[in-house]
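A.B. asks: One structure coming up, written as structure tokens, with questions to follow.
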Amino acid sequence: MDIEEETVVIRRLPDEDLSVREVRISCPDATGLGVDIARMLLDFGLRILKGDISTDGQWCFIIFRVCLSSGVPPRWQLLKSRLEAICPSGTDSLQQLWRWRAVPKEQQPFLLQVAGYDRQGMLHSLSHALWESDTTVFKAHITTSPSGQVSDMFWLHDNRNELPENHRVLEVCDRIKGALGSNTECTITPAPPDSLAAAAGASFSRRACKDVTSSSNLRRIVGHKKQAGSGSLDSMSVKDTFAERSAEVEVSVDNETSDRHTMMTLRCRDRKGLLYDLFRSLKDIDLRVSYGKIEVYEEGTCEVDLFVQDQEGACITDGDALEELVERVRTAVALPVRIELRDAYDAACTELTVTANIDSGGRGRPRVTFDVTQGLSSAGVGVFMADVYIDKPGVDPYGEPLAGGPPAQEVHRFLVHMPNGQPIRSDRDKKAIYEVVKAHLMGTSVQQQALLAAASGAAGLGAAGSGELYGPAGSAAVGVPASSGSLHDPQQQSILRALSGKWKFGA
């Protein structure tokens, strides 16, 4: 096939590093397609260095220059095939009809049960095996007995729609056994309805954002808030708690440059998943991107210019709507995830919670479990119990999510312990572990986070870096909105060595 006829082209640029590629996409347009593409790039551990987006509402042309994050193996051919799968096709109507009839309207949920013996980094290895198997976990329950036996349950969807075919079951189980050991027991069955009914948020269907019509547009959200006489319902507490972090994100809007588009400019520190969070926030309020330019500079600053339209194909002129747009973008960029460490069960153990908004297609943020378990494993922290579930928002009398209300969130909860089995008691140790987890989630170094926090005047704890405490009065919770680098810097290594020294002597 001629290169100009391909939907997705991934090529290495002359004089560029081996980890850098140019991704070109040319396909029919759909509102929300940018979220799906940015999500896929994030799922493959890629950072966007530069980008250009152009669409006339019917056909879109996208160019991204991307690079591999530290420690991420190259899977360019797999990325190409997955991008082609999510792009709309406009070449063969009969083929489109066949694909529409062949693909289930809602993915069937399956229950994966894994049994084996615990070891350091087991949950991270299992998360990686599930990603390589092209499955998506929407609920999980992981337990470890005092004798070291592991009993894990994962509720998942097969992105290939091939389960429960025998060859697909064998493929997934063989990959899991390859990662955990041949003695691992693995079974995959259709998820029992009663287990789904008990799952918070299990009724959420999972679809690509381009296939979803947003239930709340910007005008409806602003009207609801005017009627309720309240401010931003989904960001009030966050905005008050993290004012310093939000101030690092500059968002401006302009209706003078174009009479048909609102130009939005974003300036902030670069980090992993930045474009995904930006596009997700726009899709949530049913805005369409017509043109866009993304540039990441050497000093780590990212600048994004987008020309957006509302659902009627016009620019946004209402002052309250523009204010809501700016606030939502600022919150999505500044606070992509919330990380919290606190004592649990009368301080008998330590609970790590990572919370992220789901997108309009009902999907959680990519790589959260993978990145968190990678960070915990690198810090030598053990996990003896974990849960993943969706916290559903409130609904109106018609069963629709409340306009402008709190969004649905995917919650990842881990009960963690020191290598000697003891809970993590000191705030200094919690802060160090928090910084390592945040670095893996956002692709930033601990050293860079400390410098950014110091520049913004945030208060810190000990020598582990600076941050902000939050949580109920009297709790030992530690948390800061994640910001953005590389993991192998001297400061992080010194923190881990210091922690290892303390744990070695049981301090």
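Sequential numbering from 1 applies to the sequence shown in UniProt numbering.
Heads up, the beta-carbon is just placed ideally off N, CA and C, and yes, glycines get one too.
From which residue to which residue does the alpha helix (DSSP H) around residue 426 run?
C.D. replies: Looking at the DSSP string, residue 426 is not in any alpha helix (DSSP H), and its letter there is neither H nor E.
A.B. asks: Cα separation between residue 375 and residue 354?
C.D. replies: C-alpha separation (whole angstroms): 13 Å.
A.B. asks: Would you give the residue range spanned by the beta strand (DSSP E) that residue 414 belongs to?
C.D. replies: Run containing residue 414: 409-417, per the beta strand (DSSP E) assignment.
A.B. asks: Could you give the distance in angstroms between the alpha-carbon of residue 273 and the alpha-carbon of residue 46?
C.D. replies: Roughly 8 Å between the two C-alpha positions.
A.B. asks: Counting only runs of 3+ residues fully inside the segment 342-375, write out the beta strand (DSSP E) ranges in chain order.
C.D. replies: For the segment 342-375, whole beta strand (DSSP E) runs of length 3 or above, ordered along the chain, are 349-357.
A.B. asks: Determine, using beta carbons only, whether residue 277 and residue 333 come nearer to each other than 8 Å.
C.D. replies: Yes, they are a contact pair.
A.B. asks: Should residue 39 and residue 407 be called a contact, given that it needs their Cβ atoms to be closer than 8 Å?
C.D. replies: No, the pair does not count as a contact, with Cβ atoms beyond the cut-off.
A.B. asks: With DSSP collapsed to three states, give me the class of residue 300.
C.D. replies: If DSSP states are grouped into helix, strand and coil, residue 300 belongs with coil.
A.B. asks: Whether or not the segment 253-266 and the segment 315-332 are in contact is what I'm after, with contact meaning three or more pairs of Cβ atoms, one per stretch, closer than 8 Å; do they touch?
C.D. replies: The segment 315-332, when compared against the segment 253-266, does touch it at the 8 Å Cβ threshold.
A.B. asks: Can you tell me whether residue 189 is helix, strand or coil according to DSSP?
C.D. replies: Residue state, collapsed to three classes: strand.
A.B. asks: By Cβ distance, which residues of its chain are closer than 6 Å to residue 26, with the 5 residues on each side in sequence left out?
C.D. replies: Excluding sequence neighbours, residue 26 sits near 61.
A.B. asks: Going by beta carbon distance, what residues of the same chain come within less than 6 Å of residue 266, once the five residues before and after it are set aside?
C.D. replies: 251, 304.
A.B. asks: Considering only residues of the segment 13-69, which uninterrupted alpha helix (DSSP H) runs meet the minimum length of 4 residues and lie entirely inside it, listed in chain order?
C.D. replies: If we require 4 residues or more, the alpha helix (DSSP H) runs fully inside the segment 13-69 come out as 33-43.
A.B. asks: Taking only runs that begin and end inside the segment 310-345, name each unbroken beta strand (DSSP E) of 3 or more residues, in chain order.
C.D. replies: Listed in chain order, they are 337-344.
A.B. asks: I'd like to know whether the C-beta atoms of residue 179 and residue 126 end up nearer to each other than 8 Å.
C.D. replies: A contact, by the Cβ cut-off of 8 Å.
A.B. asks: On a Cα-Cα basis, can you pick out the residue from 31, 15, 16, 11 that is closest to residue 22?
C.D. replies: Residue 22 has its Cα closest to that of 11, out of 31, 15, 16, 11.
A.B. asks: Which residue marks the beginning of the alpha helix (DSSP H) containing residue 392, and which one marks its end?
C.D. replies: That residue, residue 392, is in no alpha helix (DSSP H); it is neither H nor E in DSSP.
A.B. asks: From residue 311 to residue 218, what distance separates their C-alpha atoms?
C.D. replies: Those two C-alpha atoms are separated by around 9 Å.
A.B. asks: Any idea what DSSP makes of residue 147, helix, strand or coil?
C.D. replies: It is coil, neither helix nor strand.
A.B. asks: Which residue marks the beginning of the beta strand (DSSP E) containing residue 252, and which one marks its end?
C.D. replies: Looking at the DSSP string, the run of the beta strand (DSSP E) that includes residue 252 is 250-254.
A.B. asks: Please return the same chain residues whose Cβ sits closer than 6 Å to the Cβ of residue 279, not counting the five positions on each side in sequence.
C.D. replies: 34, 35, 38, listed in sequence order.
A.B. asks: Distance check for residue 415 and residue 107, CA to CA, integer angstroms please.
C.D. replies: Residue 107 and residue 415: Cα-Cα distance of roughly 30 Å.
A.B. asks: If you compare alpha carbons, which of 328, 370, 417 is closest to residue 341?
C.D. replies: For residue 341, the nearest C-alpha among the options comes from 417.
A.B. asks: Under a Cβ-count criterion, where at least 16 other Cβ atoms within 10 Å of its own Cβ denotes burial, should residue 124 be classed as buried or exposed?
C.D. replies: So residue 124 counts as buried.
A.B. asks: Quick check: the Cα distance between residue 285 and residue 348, rounded to an integer number of angstroms?
C.D. replies: Near 43 Å, if we compare the C-alpha coordinates of residue 348 and residue 285.
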